[in-house]
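Q: Before I ask anything, here is the structure I am working with.
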Amino acid sequence: MSGSKAGFSLVTHATEPNNSAVTVYVVRSEEPVKVWGLEPEQRIHRQFKGLSVADVSWAARGSYPRTRRVLLLRGDVMYDTPLLSALLNQPGTRLERPTDNGTVRLAVHVPAGQTEQARAWLTGEGLPPDGTTPCAPEHAGDAYRGKLRKREPPYCLQVDRATQRAVERRVYMAAYKGITDAVTKHVWPVPAMWATRGCVRLGVTPNAVTLLSAVLVLAALWAFATSAYGWGLLAAWLMTFLDTVDGKLARVTLSSSKFGNLFDHGIDLVHPPLWYAAWAYGLAESGHALPQPWLDWTVAAIFVGYVLGRLPEGYFTRRFGFELFVWTRFDSGFRQITARRNPCLVLLTLAWIAGRPDLGILATTAWILASAIIHLLRTVQAERANARGQPVASWLKAPV
């Protein structure tokens, strides 16, 4: 980093447990490379904002604080947010990675009086600051990602023009949920990454993608209700694809918002049983109408099963502090096929291809009820284990 500019970005972190603020300097690279449309300083600014940092401003080299502690970062390195969070609370740590060509210097957290020495070391011009302990990135931050339902070491990646695409792919995959349905996990990742990249280039926001998803929800609902199942499935599958894109777009551009989360999750929560009910009523115009008692019972079972399937999930999270689907490996595997929207759409699509949409909705209803029973049984089993004094904890937190 001998070509670094003199400028530094300054971030004041005043939320430490011991009330000792940390000043964060980012050494600017000579030719900053955008990753997912963000300059390094934009990304770091948003990351610290997400960590509830009190204040953000800019300062020139030399305006170091005389007290407090200092965390120095590099502008040509992509830091995973959990890694930054860990570094803020680990004074005396110098982050480095051994390679065949020597040691790559990545970050250092020192008392304010050692800032100049730390900067010299970080830019390859000096010895390590006294009293600091080396640490590899994969050991510095928590590997457990509760919101993303996975265990993954934090990344810390050097980025230049040659590695830009590879770094973007790594950042994108880090934003992907580890435990989800089979379609989202195995089919959507690559095309969703292309779509996410297109949204970044065109300046499309995550909320705009979610809004289009909402329109497609209504289009599919209307098509199912009028027995236009082919068009409805097209709209539905496109909606599920965009539902993947908006989340990834928000995460890779660090542009998540409370409104966006509420908008997205609200749509996801409400529309599936409405789609299935519309499909059932649309059978009247398809030549495969269900007898009236069957129709009424099917629609009732759809809503009852859907609610009963969701209630144990919510109860489990509030009771034990983590999601049911990350309790054991069985639960994580079952999440791929449980009666959420995408697995149910697979059943409906296969039935439509076979020319029997009536069998499709009956199979979907049966699977909704079966999944609800399994969720309920797993919650009861967790309560019994807890009553016996056995720990109820996520398998993702178990020692590797």
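Numbering-wise (my numbering), the sequence shown opens with residue 11 and increments by one. We put the beta carbon where it would ideally sit given N, CA and C, even for glycine. Since we're looking at a predicted model, the values are computed, not measured.
1. According to DSSP, C145 sits in a beta bridge with which residue or residues?
2. How would you write the range of the alpha helix (DSSP H) that T374 sits in, first residue to last?
3. On the CB-based measure, 16 or more other CB atoms within 10 Å of its CB, does K15 come out buried or exposed?
4. Take A392 as the anchor and find which of R328, T375, C354, P367 has the nearest alpha-carbon.
5. So Q168 is in the beta strand (DSSP E); what residue range does that whole segment cover?
6. Near D261, what residues of its chain come up, given a Cβ to Cβ distance below 8 Å and the 5 sequence neighbours on each side ignored?
7. May I ask you to list the residues that DSSP assigns as paired with K157?
8. Is DSSP giving V317 helix, strand or coil here?
9. Within this structure, are the beta carbons of G242 and A230 separated by less than 8 Å?
10. Pick helix, strand or coil for R79, following the three-state DSSP scheme.
11. Could you tell me whether the segment 274-294 touches the segment 346-360, using the rule of 3 or more Cβ pairs below 8 Å?
12. Am I right that R159 and F335 are in contact with their C-beta atoms under 8 Å? What's the rounded C-beta distance?
13. Tell me, to the nearest whole angstrom, how far the beta carbon of L406 is from that of R161; I am working on the premise that it is less than 8 Å.
14. Taking its Cβ as the centre, do 16 or more other Cβ atoms sit within 10 Å of F18, making it buried, or is it exposed?
15. Could you check whether T348 and T254 sit closer than 8 Å to each other, using their CB atoms as the reference points?
16. Please report the distance separating the alpha-carbon of T375 from that of V314.
17. Rounded to whole angstroms, what's the CA-CA distance from F273 to N217? Just pull it up for me.
18. For the beta strand (DSSP E) holding G112, just list the boundary residues, first then last.
19. Mind checking which residues open and close the alpha helix (DSSP H) that includes T33?
20. Determine whether the beta carbon atoms of A235 and Y165 lie at a separation below 8 Å.
21. Taking the alpha carbon of G437 as the point to measure from, which residue in V114, P50, V118, F58 has its own alpha carbon closest?
22. Could you tell me which of S404, T173, R107 sits nearest to L132, measuring between CA atoms?
23. Please classify L360 as buried or exposed, where buried requires at least 16 other C-beta atoms within 10 Å of its C-beta.
24. Based on the DSSP secondary-structure assignment, which residues constitute the bridge partners of R84?
25. So, helix, strand or coil for V197, using DSSP?
26. Pick out whichever of L83, P138, A245, A380 has its Cα sitting closest to the Cα of V36.
A: Taking the definition as stated:
1. For the purposes of this step, residue 145 is identified with residue 135 of the sequence shown, where counting begins at 1. DSSP, once it has assigned bridges, lists L105 as partnering C145.
2. As a working note, residue 374 is residue 364 in the sequence shown. That run of the alpha helix (DSSP H) goes 367-397.
3. Position 5 of the sequence shown, counted from the first residue, corresponds to residue 15. Unreliable positioning characterises K15 in this predicted model, as indicated by a pLDDT of 43, which lies under 50. The coordinate reading is nonetheless provided below. By the neighbour-count rule (16 or more Cβ atoms within 10 Å), K15 is not buried but exposed.
4. The residue you call residue 392 lines up with position 382 of the sequence shown. The shortest Cα separation from A392 among R328, T375, C354, P367 belongs to R328.
5. Here residue 168 refers to the residue found at position 158 of the sequence shown. Its beta strand (DSSP E) spans residues 166-168.
6. Within the sequence shown, the letter at position 251 stands for residue 261. It should be pointed out that residue 261 corresponds to Arg in this sequence rather than to Asp. Once the five neighbours on either side are set aside, the close Cβ partners of R261 are A185.
7. Taking the sequence shown and counting its residues from 1, the one referred to as residue 157 is at position 147. Its beta-bridge partners do not exist; DSSP assigns none.
8. The residue labelled residue 317 in the question sits at position 307 within the sequence shown. Of the three classes helix, strand and coil, the one that applies to V317 here is helix, per DSSP.
9. On the sequence shown, residue 242 is found 232 positions in, with the first residue counted as 1. On the sequence shown, residue 230 is found 220 positions in, with the first residue counted as 1. Yes. Within cutoff.
10. Mapped onto the sequence shown, residue 79 falls at position 69. If DSSP states are grouped into helix, strand and coil, R79 belongs with the strands.
11. yes
12. Indexing the sequence shown from 1 puts residue 159 at position 149. Indexing the sequence shown from 1 puts residue 335 at position 325. Going by Cβ atoms, the distance from R159 to F335 rounds to 7 Å, so yes, they are a contact pair.
13. Here the question's residue 406 lines up with position 396 in the sequence shown. Here the question's residue 161 lines up with position 151 in the sequence shown. The Cβ separation is near 5 Å, so the contact holds.
14. Here residue 18 corresponds to residue number 8 of the sequence shown, with the count starting at 1. Summary for F18: the model assigns pLDDT 49, below 50, so the residue's position carries little reliability, and this model does not support an answer.
15. Taking the sequence shown and counting its residues from 1, the one referred to as residue 254 is at position 244. Taking the sequence shown and counting its residues from 1, the one referred to as residue 348 is at position 338. Contact: no.
16. As a working mapping, residue 375 is identified with position 365 in the sequence shown. As a working mapping, residue 314 is identified with position 304 in the sequence shown. Using only the alpha carbons, I get a separation of about 10 Å.
17. Numbered from 1 along the sequence shown, position 263 holds the residue referred to as residue 273. Numbered from 1 along the sequence shown, position 207 holds the residue referred to as residue 217. Whole-angstrom Cα-Cα distance: 8 Å.
18. Translated into positions along the sequence shown, residue 112 becomes position 102. First-last of the beta strand (DSSP E) with G112: 112-121.
19. Residue mapping note: residue 33 aligns to position 23 of the sequence shown, counting from 1. Looking at the DSSP string, T33 is not in any alpha helix (DSSP H); the run it does join, the beta strand (DSSP E), is 32-37.
20. Residue numbering aside, residue 235 sits at position 225 when the sequence shown is read from its first letter. Residue numbering aside, residue 165 sits at position 155 when the sequence shown is read from its first letter. For A235 and Y165, no; Cβs fall outside 8 Å.
21. Residue 437 is absent from the structure shown; the chain starts at 11 and stops at 410.
22. Taking the first residue of the sequence shown as 1, we reach residue 132 at position 122. It is R107 whose Cα lies nearest to the Cα of L132.
23. Counting from one through the sequence shown, the residue named residue 360 turns up at place 350. Result: exposed.
24. To locate residue 84, count along the sequence shown from 1; it is residue 74. Answer by DSSP bridge pairing, in chain order: V37.
25. Here residue 197 refers to the residue found at position 187 when the sequence shown is read from its first residue. Coil at V197, not helix or strand.
26. Walking along the sequence shown from the start, residue 36 turns up at place 26. Selected option, being the one with the closest Cα: L83.
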